[in-house]
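Numbering (this note's numbering), first residue to last: 188 to 322.
Virtual Cβ for every residue (Gly too), placed ideally from N, Cα, C.
Note that this is a predicted model, so its numbers are computed, not measured.
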Amino acid sequence: MKLNVLLIEDNLIEIMKMKRTISFLKLNHKLQEAKNGEEALEILKDKNNFPDIILLDLNMPKISGIEFLSLMKENEDLRHIPVIILTTSDNKKDLTECFKIGVSGYILKPLKYDDYVFKIEKVLSYWSLNELKKD
């Protein structure tokens with residue numbers, strides 16, 4: 188299944204790395220980008236174009252990833268969208284807080300590109316198999 192993926196990430200290198208990975212894996216997913224939580228909330232106003240999954244960085248300007256996640260899960264229209272944290276933070280407090288709020292997954296960004304590709308491939312293939320579409 189082709190996924191509509193929303194990547195919420197303020198680091199341009201990380202955005203380029205995600206695009207490169209999706210291209211390298213020859214995946215046909217649509218990737219939308221938001222540089223911060225505010226931009227993401229604007230994108231999510233379009234109810235006809237909700238993403239299938241959201242990949243969310245925790246450390247961002249304006250609205251932190253945890254704040255964004257809280258806002259999303261409080262919103263009746265958005266709370267069904269799976270959110271996977273993609274972060275460098277291995278802080279147990281962040282991890283616990285995210286799962287309390289209702290995150291669908293928590294992935295640490297590895298340093299090595301090959302490990303990153305492996306993790307992203309697994310995440311996207313898992314969510315491609317899930318019956319996400321609400322018809």
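List the DSSP bridge partners of residue i.
{"i": "Y293", "result": "I272"}
{"i": "A221", "result": "I195"}
DSSP three-state call for residue i: helix, strand or coil?
{"i": "L316", "result": "helix"}
{"i": "N278", "result": "coil"}
{"i": "E237", "result": "For clarity, residue 237 is Phe in the given sequence; the question names Glu instead. Of the three classes helix, strand and coil, the one that applies to F237 here is coil, per DSSP."}
{"i": "R266", "result": "coil"}
{"i": "K249", "result": "coil"}
{"i": "K189", "result": "coil"}
{"i": "K213", "result": "coil"}
{"i": "K204", "result": "helix"}
From what residue to what residue does the beta strand (DSSP E) around residue i run?
{"i": "I241", "result": "I240 to L243"}
Report, in whole angstroms, the separation of the C-beta atoms of residue i and residue j, which I expect to be a contact under 8 Å.
{"i": "I294", "j": "K306", "result": "6 Å"}
{"i": "G224", "j": "K249", "result": "6 Å"}
{"i": "L218", "j": "L194", "result": "6 Å"}
{"i": "F237", "j": "I209", "result": "F237 to I209, Cβ: 19 Å. No contact."}
{"i": "L273", "j": "K296", "result": "6 Å"}
{"i": "L265", "j": "L231", "result": "6 Å"}
In terms of residue numbering, what span does the alpha helix (DSSP H) encompassing residue i cover?
{"i": "S257", "result": "G252 to E261"}
Inspect the CB distances between the segment 247–261 and the segment 221–236 and report whether three or more fall short of 8 Å.
Two segments are said to touch when three or more pairs of C-beta atoms, one from each, lie closer than 8 Å; by this definition the segment 247–261 touches the segment 221–236.
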